[in-house]
Amino acid sequence: MAASGKIRVLCVDDHPLVRDGIAFALQQQSDMELVAQAKNGIDAIAAFRQHRPDVTLMDLQMPQMSGIDATAAIRSEFPNARIVILTTYSGDIQASRALKLGAVGYLLKGMLRTELIDTIRSVHAGHRRIPPEIASEIAEHYSADALSDREIEVLRVVASGCSNKIVADKLFISEDTVKGHMKSILAKLQANDRTHAVMIAMKRGFLEG
């Protein structure tokens with residue numbers, strides 16, 4: 002905590018309304034101050050270096066550099082950085098990735114009104130703050146087979162509406178190989194068909210970035 006005794010917060014989000022909402026919420030707290038804002042990961046790294054905030058609120062999906070990449074960069078340079086991930090949905094793959102990179106909190110934007118202030122105080126005090134619904138989703142899929150890089154590649158092309166033959170041509174593999182990958186993907190994701198597999202993969206964050 003700074004000499005002022007306040008928890009110094011950096012807010013990183015590409016939506017001005019979200020930043021404004023967080024700024025307003027922090028203004029109501031006598032023990033917090035917003036020291037800087039950033040609208041992408043590149044600006045976030047520069048702002049962190051300049052202000053060395055106590056707590057950083059980091060959006061996941063941003064232009065130029067994602068929150069995941071910015072978190073990795075900041076944590077590699079400042080291992081003690083306390084970063085709370087902000088996201089609109091609880092894709093477990095993204096949650097897991099952020100937590101492995103050292104994020105100490107994960108907050109759905111729909112919870113900002115009720116959970117933001119407590120989360121900032123909690124992580125500043127040295128605790129981790131993961132909402133129960135995100136924790137349970139991570140746990141639910143933790144033991145499940147992850148998709149391989151090649152399977153994600155195949156599913157990404159399938160998601161754009163391509164047939165097996167076009168997928169095969171684009172990835173320079175045989176159509177039988179594509180069918181084999183799709184069979185494995187459907188089994189791993191417990192999906193009924195290709196469309197269902199794409200929906201599950203998007204929800205769980207496999208097709209992010």
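Under the numbering used here, the residue at position 18 of the sequence shown is numbered 19, and the numbers go up by one with no gaps.
Don't be surprised by glycine CBs; every beta carbon is placed ideally from N, CA and C.
Contact between the segment 98-115 and the segment 73-80 (3+ Cβ pairs under 8 Å)
yes
Counting only runs that start and end within the segment 104-130, where is the beta strand (DSSP E) found for 3 or more residues in a row?
106-109
Whose CA, out of Asp170, Ala24, Ala160, lies closest to the CA of Ile186?
Ala160
May I ask you to report which of helix, strand or coil DSSP gives Leu58?
strand
In three-state DSSP terms, what is Gln28?
helix
Just how far apart, CA to CA, sit Arg122 and Glu176?
54 Å
Nearest-angstrom Cβ-Cβ length linking Met59 and Val13, presumed shorter than 8 Å:
5 Å
So Ile84 and Ile75 are supposed to be a Cβ contact under 8 Å. How far apart are they, rounded?
7 Å
Quick check on Pro54: buried or exposed, where buried means 16 or more other Cβ atoms within 10 Å of its Cβ?
buried
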